[in-house]
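Novice: One structure, as structure tokens, below. Some questions next.
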Amino acid sequence: MKKQQKQLSVPSLDLSVTKKSKSEDLPPPPNSEEDRITTPTSAPIPADYKELNLEDCENLNKNELKKYFKSINEHNQSIFCQAVEQNKKELVKDILAINSDLINVKTKLEGHNILHKALMGIVDVKMVKILLKEEPCLVVMIDNQDLTPIMFGKIHGFGKEDPNEQNSKTKQPSAIS
1 MKKQQKQLSV PSLDLSVTKK SKSEDLPPPP NSEEDRITTP TSAPIPADYK ELNLEDCENL
61 NKNELKKYFK SINEHNQSIF CQAVEQNKKE LVKDILAINS DLINVKTKLE GHNILHKALM
121 GIVDVKMVKI LLKEEPCLVV MIDNQDLTPI MFGKIHGFGK EDPNEQNSKT KQPSAIS
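If you want it as structure tokens, here you go:
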């Protein structure tokens, strides 16, 4: 006797992968040179809004500072970047306490994040710790040239050393004799 073999039918699956073109992977080009700083939560500037500079912001009390930084716009993003670049630790802490979304500021043309900007300016370890405490991922984010902040600093140079930090180092006795 012959055994009958059963044939099983298996439905075919389409396992083909569609290939995306390179143009789909690239971000759109910036609209203009003026539109330099961007963040997903940008808000329009209110009519009664007074543009302040960095020194003005340092002299504001907590309530005025809160009113100024409660929404995000291009001008206060710029002030925040300046505060980071110029190592204004207390102001940066206060601003981040008011609106932590400012940590995600990125320049459109270069794609630099706030840590790139910090390493370009006069910063010390404390400022970097403030930023990384708020957003640890900043250290691995890349710019438009595929450079992390550390790689960017190694290639283009880091900011100047803080003179106050240098003076405090020379006053301390050396542990090695």
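Numbering (this note's numbering), first residue to last: 1 to 177.
Heads up, the beta-carbon is just placed ideally off N, CA and C, and yes, glycines get one too.
Are residue 58 and residue 100 closer than 8 Å when you measure CB to CB?
Specialist: no
Novice: To the nearest angstrom, report how far apart residue 37 and residue 102 are at their CA atoms.
Specialist: Any reading at residue 37 must be qualified, since the residue scores a pLDDT of 48, below 50, and its modelled position is unreliable; no value is offered.
Novice: With distances taken from CA atoms, which of 119, 93, 77 and 66 is nearest residue 155?
Specialist: 119
Novice: Quick one: grab the DSSP three-state call for residue 113.
Specialist: DSSP, read as helix, strand or coil, puts residue 113 in strand.
Novice: Would residue 143 and residue 116 qualify as a contact pair, given that the criterion is a beta-carbon distance under 8 Å?
Specialist: yes
Novice: If we ignore side chains and look at the alpha-carbon of each, how far apart do residue 73 and residue 80 end up?
Specialist: 11 Å
Novice: For residue 70, collect the residues of the same chain with a Cβ closer than 7 Å to its Cβ; drop the 5 residues on either side in sequence, then sort them by chain order.
Specialist: 98 and 99
Novice: Let me make sure I understand the geometry here. Which of 66, 62 and 121 has the alpha-carbon closest to that of residue 153?
Specialist: 121
Novice: Does DSSP classify residue 154 as helix, strand or coil?
Specialist: helix
Novice: For the alpha helix (DSSP H) that residue 71 lies in, which residues bound it at each end?
Specialist: That residue, residue 71, is in no alpha helix (DSSP H); it is neither H nor E in DSSP.
Novice: Just to confirm, is the Cβ distance from residue 127 to residue 84 under 8 Å?
Specialist: yes
Novice: Using the Cβ count rule (16 or more neighbours within 10 Å means buried), how would you classify residue 136?
Specialist: exposed
Novice: Excluding sequence positions up to five away, which residues of its chain have a Cβ less than 8 Å from the Cβ of residue 87?
Specialist: 121, 122, 123, 124, 127 and 162
Novice: Since residue 52 is in the alpha helix (DSSP H), which residue starts that stretch and which ends it?
Specialist: Unbroken run through residue 52: none, as it is neither H nor E.
Novice: My output table needs one value for residue 88: the three-state DSSP class, helix, strand or coil.
Specialist: coil
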